[in-house]
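If you use the numbering used here, the sequence shown closes out at 1155, no skipped numbers anywhere.
Backbone N, C-alpha and C define an ideal beta-carbon position, used for all residues, glycine too.
Just so we're clear, the structure is a prediction, and the values are computed from it rather than from any experiment.
Accompanying notes for the structure given below.
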Amino acid sequence: MGQYKLIAIDLDGTLLRPDGSVSPRNRDAVRLAVAAGFEVVFATGRNFTESRRIIEEVGHRDLCVFVSGAIVMDVKRGVVVHRMTMHSQLAREVSGVIEGLGHAALALQDHDSPVADYLATSDIELNDATQSWMRVTNAKIEHVGRLADHPHPCTLRVGLVSSRDETARIERLLLGEFGDRVVVHSLLVPAYDVEVLEVFDPAVSKWQGVLHVARSRGITPQQIVAIGDDVNDLSMITGAGFGAAMGNAKPQVAAAAKRVLKSNLDDGLAEFLEELVSRS
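In structure tokens, the structure reads:
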């Protein structure tokens, strides 16, 4: 595997154990790969605020892909180097559907927004799952009325947090309503027993974010390794020169990968990174 130069690593379900922690072996394996000369890029659906604790724990501060590819950030300098906001009319329409179903819509804001991490519908109470997720991630919320009427100048994605059955129902309705005008991810965060439903502009993907980093470093797609477990990892797993799925990956992700690793409970990421380094 000596032809690879960049390793794109998902966080939840990949770097993180089921309880949301970073194992010492995974932390050390990431540092080992960096010391061996690999470009290591964290690629996550989380925003920077939600990822900060993990990045600090691992101690690797470089270019990172956040919000499933909508943001690429130089974490060391605290500078966003690439962004893809959601079209404002689309954000309003999606928000309107979510609010019409009785849920508070959540609009994730661009990192440079001075307002908050999320805008939320003010006249619909946040459910327990949303409140729990916001506490865990230390996200700041501003309540701004109906998001169906908001101008959305800095919105990256619109979504909600709820139970698995409810997010699955809403995902079907959104896809039926908007078709290929949107990309929808429904992501389970087992450590906190919540499901996060995310709606993006269709131009956004982790793979496009990873490619932005790769081009800046003179690295080709064939020189990239991508590792993940959930549906928002599919684009980078199928696009990379070598795509690997965790043992705990969703079936469609495992089926798309060139190799299935051990699970995140068994430090499958660390074992694979150690192998990459030994063969480099």
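Distance CB(residue i)-CB(residue j) smaller than 8 Å
i     : j     : result
K1133 : G944  : no
S970  : L1031 : no
Q1098 : G1116 : yes
M1111 : A883  : yes
P893  : P1065 : yes
T960  : C1029 : yes
H1018 : A995  : yes
G1103 : V1079 : no
V1011 : Y1067 : yes
N901  : D1142 : yes
V947  : V1088 : yes
H978  : S1037 : yes
V909  : V915  : yes
G888  : N1123 : yes
Nearest residue (CA-CA) to residue i, options the options
i     : options                      : result
L1062 : V1071, T1012, L965 and R1056 : V1071
A1145 : Q878, D885, L886 and L890    : L890
D1024 : R967, F1147, V942 and A980   : R967
G953  : N922, V1059, T1012 and D998  : N922
H962  : K951, D985 and H978          : D985
R1039 : G1054, H1060, E1052 and L981 : H1060
V1074 : H957, V942 and Q1083         : V942
A991  : A979, I999 and M1009         : M1009
Q1083 : S1007, S898, Q878 and H957   : H957
F913  : Q878, L1109 and R1090        : Q878
Span separating the alpha-carbon of residue i from that of residue j
i     : j     : result
D937  : Y993  : 24 Å
L1035 : K880  : 36 Å
H1027 : S1153 : 48 Å
A918  : G1020 : 32 Å
S926  : R1056 : 28 Å
L1001 : N1107 : 25 Å
A1119 : V1085 : 15 Å
V955  : I1016 : 21 Å
E1150 : F1053 : 43 Å
I930  : N1139 : 17 Å
D1076 : L965  : 8 Å
R1092 : V950  : 16 Å
N1013 : T924  : 7 Å
Q1006 : P899  : 30 Å
R1090 : A982  : 29 Å
A911  : V1058 : 36 Å
L1049 : L886  : 26 Å
F1147 : A980  : 39 Å
V1135 : L1109 : 13 Å
E1041 : V1069 : 11 Å
V940  : G1051 : 29 Å
A1130 : K1137 : 15 Å
I999  : R928  : 30 Å
Minimum Cβ-Cβ distance from residue i to chain C less than 8 Å
i    : result
Q984 : No chain C is part of this structure, which consists of one protein chain only.
Legend entry - the segment 898-911 contacting the segment 926-934, beta-carbon criterion three pairs below 8 Å: yes
Inset, instruction - Identify every run of the beta strand (DSSP E) within the segment 911-995, keeping only runs that are complete inside it and at least 3 residues long; order them along the chain. - result: 914-917, 938-941, 946-949, 954-958, 981-984 and 993-995
Inset, instruction - Determine contact between the segment 972-987 and the segment 1034-1048, defined as no fewer than three beta-carbon pairs at a distance below 8 Å. - result: yes
Legend entry - Complete alpha helix (DSSP H) runs within the segment 1117-1149 (minimum length 4 residues, chain order): 1126-1131
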